[in-house]
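Undergrad:
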Amino acid sequence: MIKKVILTMAMTALMVLAFAQDQNLFISEYVEGTSNNKALEIYNGTGATVDLSNYSMRLASNGGNWSASNSVTLSGTLANNSVFVIANAQADPSILAVADITHTVTYYNGNDCVGLFQGDTLIDIIGVYQTDPGLPGWPVAGVEGATSEHTLIRKPTVTQGTTDWITGAGTNIDNSEWIVHPQNYFADLGSHNFNPGSGQQALSPVFDPAGGVYTQAITVSITSGTPGATIRYTTDGSTPNDASAVYSNPIPVSSSVTIKAIAFAPEHDPSYVATAEYLFAVSVANVSQLREQIEGDGTVYRIEEPVIVTFKQNLRKQKYVQDNQSGVLIDDPNSAITTNYEIGDAIVGLTGTIARYAGLLQLTPVINPGPPASTGNSVYVPVVNISDINQNNEFYQCRLVRFDNAHFVNASGDFATGQNYTLEDNSGTIVFRTGFYDVDYIGQPIPTGNFSVVGLVGQFNQTAQFTARALSDWGPVANDDNLTDIPRTHLKGNYPNPFNPSTTIEFESAFGEPAQIVIYNQKGQAVRHYDFAQPQKGINKVTWDGRNDAGLDTASGVYYFRLRSGSYSSTKKMILMK
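Under my numbering, the first residue of the sequence shown carries the number 2, and numbering increases by one thereafter.
1) Can you say whether serine 571 is buried or exposed, counting buried as having 16 or more other CB atoms within 10 angstroms of its CB?
2) Pairs of beta-carbons, one from the segment 402-415 and one from the segment 383-392, closer than 8 angstroms: are there three or more?
3) Compute the beta-carbon to beta-carbon distance between tryptophan 179 and alanine 142, rounded to the nearest angstrom, for a pair I have assumed lies under 8 angstroms.
4) Please identify the residue among Leu53, Ala92, Lys542 whose C-alpha is closest to the C-alpha of serine 36.
5) Taking C-beta to C-beta, are proline 366 and aspartate 333 nearer than 7 angstroms?
6) What's the C-alpha gap between threonine 163 and isoleucine 127?
7) Can you list, in chain order, the residues of its chain whose CB lies under 6 angstroms from that of asparagine 483, leaving out five sequence neighbours each side?
8) Which ranges would you report for the alpha helix (DSSP H) in the segment 335-401 if only whole runs of at least 4 residues count?
9) Isoleucine 232 and alanine 264: beta carbons closer than 7 angstroms?
10) Count Cβ pairs between the segment 518-533 and the segment 357-366 that sit closer than 8 angstroms; are there 3 or more?
11) Who pairs with proline 253 in a beta bridge, going by DSSP?
12) Please state if the CB of valine 454 and the CB of aspartate 426 are separated by a distance shorter than 7 angstroms.
13) Of the residues Pro253, Val349, Arg400, Ser255, which one's Cα is nearest the Cα of asparagine 325?
14) Report the three-state DSSP secondary structure of tryptophan 545 (helix, strand or coil).
15) Count the other CB atoms within 10 Å of the CB of glutamate 30; is the residue buried (16 or more) or exposed (fewer)?
16) Taking the alpha carbon of histidine 182 as the reference point, which residue from Val382, Thr148, Ser225, Tyr438 has its own alpha carbon closest?
17) Across which residues does DSSP place lysine 573 in a beta bridge pair?
18) Which stretch, first to last residue, makes up the alpha helix (DSSP H) that contains glutamine 290?
19) Does the beta carbon of phenylalanine 312 fall short of 6 angstroms from some heavy atom of the ligand ATP?
20) For asparagine 495, write down the residues that DSSP places opposite it in a beta bridge.
21) Quick check on the DSSP output: the alpha helix (DSSP H) that includes isoleucine 167 runs from which residue to which?
22) Under 7 angstroms between the Cβ atoms of asparagine 185 and glycine 34?
23) Can you say whether histidine 530 is buried or exposed, counting buried as having 16 or more other CB atoms within 10 angstroms of its CB?
24) Less than 7 angstroms between the C-beta atoms of tyrosine 496 and threonine 490, yes or no?
25) Compute the beta-carbon to beta-carbon distance between histidine 269 and threonine 227, rounded to the nearest angstrom, for a pair I have assumed lies under 8 angstroms.
26) Comparing C-alpha positions only, which one of Ala511, Gln420, Leu117, Ser413 sits nearest to alanine 469?
27) Which residue comes first and which comes last in the alpha helix (DSSP H) that contains leucine 97?
28) By DSSP's criteria, leucine 60 is part of a beta bridge. Which residues make up the other side?
29) From which residue to which residue does the beta strand (DSSP E) around glycine 77 run?
30) For the beta strand (DSSP E) containing arginine 303, name the first residue and the last one.
31) Count the other CB atoms, across all protein chains shown, that sit within 10 Å of the CB of methionine 58; report buried if there are 16 or more and exposed otherwise.
32) Go ahead and pull the three-state DSSP assignment for leucine 204.
33) Nearest-angstrom Cα distance between isoleucine 576 and aspartate 532?
34) Pick helix, strand or coil for threonine 105, following the three-state DSSP scheme.
35) Grab me the residues of alanine 277's own chain with a C-beta within less than 6 angstroms of its C-beta, minus the 5 sequence neighbours each way, in chain order.
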């Protein structure tokens, strides 16, 4: 099914032919969406029907050579002003509906290279051949990692392909041959807007400061490099046009907003629409406080205290992180995090939105937090019974725990991915889910007899799950005769709660190391400090009377108290009711 394209009637037929004389086929659209949502669109603007049998599309993965198996020689003919679409066979139905063929040449990620050939001559390319940029991929039009989790559409003014990817990709919206669209944008697939004879175009608006994550109110200025240009803009997410608000003064921004702007100038075509997204993050102390926030409404949160990476996998760039009290899954399909964190790395300033997937709390990051604050960190792994997890999954979710004296029920053979196995101890059973696809125990024999095992607590709908990270997470059953209570620093809580006029905060110190308790109001402002130069080993207590450091009464409301001692940090919530 070969589709007709939209041809802008802004020139005479002779002008179209003049532009078409030296043209060849070129890649007009590149789709790299979630999962198998991949597609390539080829456009014919040559002015004549083209025999496709002399053309091929080839894939080179991870900086390698052109693949023999993941390359396709085309067939049939392609009429002038028409497109030919190659799709992944497992793509979204809306992609398959406009596809001419399906093929494994679409088995690419953002760090792979795709080339269009006429015979053995390369005539157009996406990416740099025999170069692996790493994930998330190559920048396009100033958008980092745009070849991953985006759709790229050739501008209407482009008349031929290029083998110089870096120049074609450009560094901003004006000098790039491509328009970058968000993930899973398929609306234009199957047609191409071709307008090679348009006049000089106004330069696209520029925002200052640029879009990003902010913590304080800002004012945004918009400019265009075209003299005499009028800028029109929107703040509701709609596309601006010649009837939109005229920009005249800097725009005050104090909450999350998307600003879109377009420039109009005499004797110029309108500019491309420029977009800037401004996000204002709500500060939370730690993961425990994050888990108490509103989910799924797009609010951006920033975790101020360090979180430790306990596991990572290639699937959706996922990472499990936790502090000493709570955990959360980072789900990063858009590759917002570009730092290559390793297990044991501490991340400070993790920022994103939160939502549930099948009951599991996930954080989708919006920015890269930067290099790790420290490396080689470990986290406290409690020994629990399976019944503890089943009865309080929310508390343990996304945290590392250890089961002692557990075994698989009626399981034999080798571990396979995506399977549920029944794990049992003397308190109950839990689903052992092989949801980590790159781990070293897949394909290995399922252990028999009793063992101890460390893993991450998950959830699928109402069912608790547990998944080990590696073969090294299994060990022998602990000998009860040799077990001792391991001393640990721990914030136990406060009582009474709610309280008036005072409450007692209790914590345990493992070795009598210096400790500090800080009490914060809901705005994150510290109101009271308690310093312990040498707390006693074991239980310590302090009573807060509802006053700040200056001895003044504080207002009723929610407060947070945080214990820090050595590398340990934990925060809990309390309520003062007057």
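We treat Cβ as the ideally placed atom computed from N, Cα and C, and that holds for glycine. Keep in mind it's a predicted model, so treat the numbers as computed, not measured.
TA: Put simply:
1) In the sequence shown, the residue the question calls residue 571 occupies position 570. Answer is buried; the Cβ neighbour count reaches 16.
2) Verdict: yes, contact present.
3) The residue labelled residue 179 in the question sits at position 178 within the sequence shown. The residue labelled residue 142 in the question sits at position 141 within the sequence shown. With 8 angstroms as the limit, tryptophan 179 and alanine 142 qualify as a contact, their Cβ atoms being about 6 angstroms apart.
4) Counting from one through the sequence shown, the residue named residue 36 turns up at place 35. The residue with the shortest Cα to Cα distance from serine 36 is Ala92.
5) In the sequence shown, counting from the first residue as 1, residue 366 sits at position 365. In the sequence shown, counting from the first residue as 1, residue 333 sits at position 332. Closer than 7 angstroms, so yes.
6) Start at 1 with the first residue of the sequence shown, and residue 163 comes out as number 162. Start at 1 with the first residue of the sequence shown, and residue 127 comes out as number 126. If I take the Cα positions, the gap works out to 9 angstroms.
7) Walking along the sequence shown from the start, residue 483 turns up at place 482. No answer about asparagine 483 holds up, because its pLDDT of 37 lies below 50 and its placement is not dependable.
8) 387-392, 394-397
9) Here residue 232 is taken as the residue at index 231 of the sequence shown, counted from 1. Here residue 264 is taken as the residue at index 263 of the sequence shown, counted from 1. Cβ distance < 7 angstroms, so isoleucine 232 and alanine 264 count as in contact.
10) Flag = no, the segment 518-533 and the segment 357-366 do not touch.
11) The sequence position of residue 253 within the sequence shown is 252, counting from 1. Proline 253 pairs with Thr220.
12) Reading the sequence shown from its first residue, position 425 is the one you call residue 426. Reading the sequence shown from its first residue, position 453 is the one you call residue 454. No; because the gap between Cβ atoms is not below 7 angstroms, this pair is not in contact.
13) The count along the sequence shown starts at 1 and reaches residue 325 at position 324. Closest option to asparagine 325, Cα to Cα, is Arg400.
14) Stepping through the sequence shown from its first residue, residue 545 is reached at position 544. In this structure, tryptophan 545 counts as strand in the three-state DSSP scheme.
15) Here the question's residue 30 lines up with position 29 in the sequence shown. Classification for glutamate 30: buried.
16) Against the sequence shown, residue 182 aligns to sequence position 181. For the residues Val382, Thr148, Ser225, Tyr438, the minimum Cα distance to histidine 182 belongs to Thr148.
17) In the sequence shown, residue 573 corresponds to position 572, counting from 1. The partner list for lysine 573 (beta bridge, DSSP) reads Phe562.
18) To locate residue 290, count along the sequence shown from 1; it is residue 289. Counting along the chain, the alpha helix (DSSP H) containing glutamine 290 begins and ends at 288-291.
19) The ligand ATP is absent from the structure shown, which contains no ligands of any kind.
20) In the sequence shown, residue 495 corresponds to position 494, counting from 1. According to DSSP, asparagine 495 bridges with Ile506.
21) Counting from one through the sequence shown, the residue named residue 167 turns up at place 166. That run of the alpha helix (DSSP H) goes 166-170.
22) Here residue 185 refers to the residue found at position 184 when the sequence shown is read from its first residue. Here residue 34 refers to the residue found at position 33 when the sequence shown is read from its first residue. For asparagine 185 and glycine 34, yes; Cβs fall inside 7 angstroms.
23) Residue mapping note: residue 530 aligns to position 529 of the sequence shown, counting from 1. Exposed is the call here.
24) The residue you call residue 496 lines up with position 495 of the sequence shown. The residue you call residue 490 lines up with position 489 of the sequence shown. Not closer than 7 angstroms, so no.
25) By 1-based counting over the sequence shown, the position of residue 269 is 268. By 1-based counting over the sequence shown, the position of residue 227 is 226. Contact between histidine 269 and threonine 227 holds, since their C-beta atoms are separated by about 6 angstroms, short of 8 angstroms.
26) In the sequence shown, the residue the question calls residue 469 occupies position 468. Measuring from the Cα of alanine 469, the nearest candidate turns out to be Gln420.
27) The residue you call residue 97 lines up with position 96 of the sequence shown. Taken as a continuous stretch (DSSP letters only), the alpha helix (DSSP H) holding leucine 97 covers 94-97.
28) Residue numbering aside, residue 60 sits at position 59 when the sequence shown is read from its first letter. Leucine 60 is bridged to Val115.
29) By 1-based counting over the sequence shown, the position of residue 77 is 76. Segment: none, glycine 77 is in no beta strand (DSSP E) and carries neither H nor E.
30) Taking the first residue of the sequence shown as position 1, residue 303 is located at position 302. Per DSSP, arginine 303 belongs to the beta strand (DSSP E) from 301-304.
31) Numbered from its first residue, the sequence shown carries residue 58 at position 57. That one is buried.
32) For the purposes of this step, residue 204 is identified with residue 203 of the sequence shown, where counting begins at 1. Residue state, collapsed to three classes: coil.
33) Position 575 of the sequence shown, counted from the start, is the residue given in the question as residue 576. Position 531 of the sequence shown, counted from the start, is the residue given in the question as residue 532. Rounded to whole angstroms, isoleucine 576 to aspartate 532 spans 22 angstroms at the Cα level.
34) Taking the sequence shown and counting its residues from 1, the one referred to as residue 105 is at position 104. Threonine 105: helix per DSSP, three-state reduction.
35) Walking along the sequence shown from the start, residue 277 turns up at place 276. These residues qualify, in order along the chain: Phe208, Gly212, Ile260.
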